[in-house]
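This report concerns only the one structure given below.
Numbering (this note's numbering), first residue to last: 32 to 484.
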């Protein structure tokens, strides 16, 4: 590379970092996607169990987020899913966790694209009724946002900040409308006896509500793109999780509990239905458009993460050096293209499932694979604390144990099929790691060095 070219890339990197505001937007924006806007359909039959499920999920997620924030503070920078497991258990663990989390990211991209098209079908009904068209339509935003991310992290961050503000509109509106309905007596909450609160009902609700909260670890994945990571990543992780969790609790509960159960369970777009029912029918398509923006905003953030993961694995020499390349904008263009190709292939390969079944399938797989990282992070926290790689603090171990138990419980709750899919996709990376390890041994043997294993 020429000196001028190297200088240009260095300048791009210097100006291509995210401050605290954009870092929080990345966390909140990645968490608020399409999942929460479709969730009342599944939660409506559970009644008040859904509220307790939200409380349990928010509490468990905050425990995991706290441990991740501590790891980010004491081991600032790097790519979290790779860095922490590698530091605690060695390169093999770093690769497996980084690989599995990368899978969850591009599967999430496919999920978010399908969710966007699902809500867009309210405005254009032909999207849902024409065979194969939803899958083709879902591929388009994947590649548009891949292009934006390839043009630089600051551009992607700007898109994230704008879409995060816009996606809060229907959630804040649902909270406001719910408060108005209850205070004016125009709607009433269902009686507790309609759907008795049970441990099974809460378990189902907690499993369903985890997917919308996935993404609170986003700032850790993009650690090398964050300004002052030791300060900004922990703050963005904890603040983003708490803020989003509370918004979800009140907004989603308002739609779930105030809409008639029969209407909610049969709706493909419960939030637009909520506004159309209680405010004005003309608002339904407007809210649907905001939900589409929410899904696209989350998709933009996850596209940013997919490139960072492959780049980090390549720089650790766990993937071929071909991925360790950045374009003149300082972004891992090759990693983005490969990840988006896989997300597109997943959507197109499952187009026969239909929008609802396709979305549900990918939600379960995304959730299950993400939990593997959460479990590894809790174990890494214990290990690094015992070896004095991170500082001790009061209550850390108790919170980490709670986070681990919660993660195990939700992994079980995702179901056998999703768990097997997640384990199989994770295991698919083992041949690549073995090949890279073999290549490193050959190279080290030729140089008379002992390879790391």
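Glycine included, every Cβ here is placed at the ideal spot set by N, Cα and C. The structure displayed is predicted, hence computed values, not measured ones.
Between which two residues does the alpha helix (DSSP H) carrying residue i extend?
i	result
residue 247	Neither: residue 247 is in no alpha helix (DSSP H) and is coded neither H nor E.
residue 105	80-105
residue 439	427-444
residue 303	301-309
residue 117	111-120
residue 77	From DSSP, residue 77 is part of no alpha helix (DSSP H); its letter is neither H nor E.
residue 421	Careful: residue 421 lies outside any alpha helix (DSSP H) and carries neither H nor E.
residue 221	From DSSP, residue 221 is part of no alpha helix (DSSP H); its letter is neither H nor E.
residue 228	That residue, residue 228, is in no alpha helix (DSSP H); it is neither H nor E in DSSP.
residue 173	164-181
residue 201	184-215
residue 453	447-458
residue 295	292-296
For residue i, list the residues DSSP reports as bridge partners.
i	result
residue 257	49
Assign residue i to one of two classes, buried (16 or more other C-beta atoms within 10 Å of its C-beta) or exposed (fewer than that).
i	result
residue 362	buried
residue 155	exposed
residue 219	exposed
residue 412	buried
residue 470	exposed
residue 367	buried
residue 207	exposed
residue 100	buried
residue 339	buried
residue 198	buried
residue 422	exposed
residue 264	buried
residue 229	exposed
residue 38	Any reading at residue 38 must be qualified, since the residue scores a pLDDT of 35, below 50, and its modelled position is unreliable; the value itself is stated next. With fewer than 16 other Cβ atoms within 10 Å, it is exposed.
residue 475	exposed
residue 359	exposed
residue 133	buried
residue 473	exposed
residue 34	Caution is warranted here: a pLDDT of 34 is assigned to residue 34, below 50, making its placement in the model unreliable, and the coordinate value is therefore given only provisionally. Flag for residue 34 reads exposed.
residue 256	buried
residue 297	exposed
residue 466	exposed
Would you say residue i and residue j are within 8 Å of each other, going by their C-beta atoms?
i	j	result
residue 364	residue 181	yes
residue 249	residue 58	yes
residue 235	residue 77	yes
residue 128	residue 404	yes
residue 406	residue 435	yes
residue 242	residue 418	no
residue 106	residue 116	no
residue 93	residue 323	no
residue 269	residue 374	no
residue 304	residue 294	yes
residue 62	residue 191	no
residue 56	residue 177	no
residue 288	residue 221	yes
residue 333	residue 148	no
residue 267	residue 335	no
residue 408	residue 286	no
residue 341	residue 370	yes
Counting only C-beta atoms, is residue i closer than 8 Å to chain C at any point?
i	result
residue 238	No chain C appears in the structure shown, which is made up of a single protein chain.
Next item on the list: Run through the region 321-376 for me and flag every whole beta strand (DSSP E) of 3 or more residues, listed as ranges in chain order.
Entry: none
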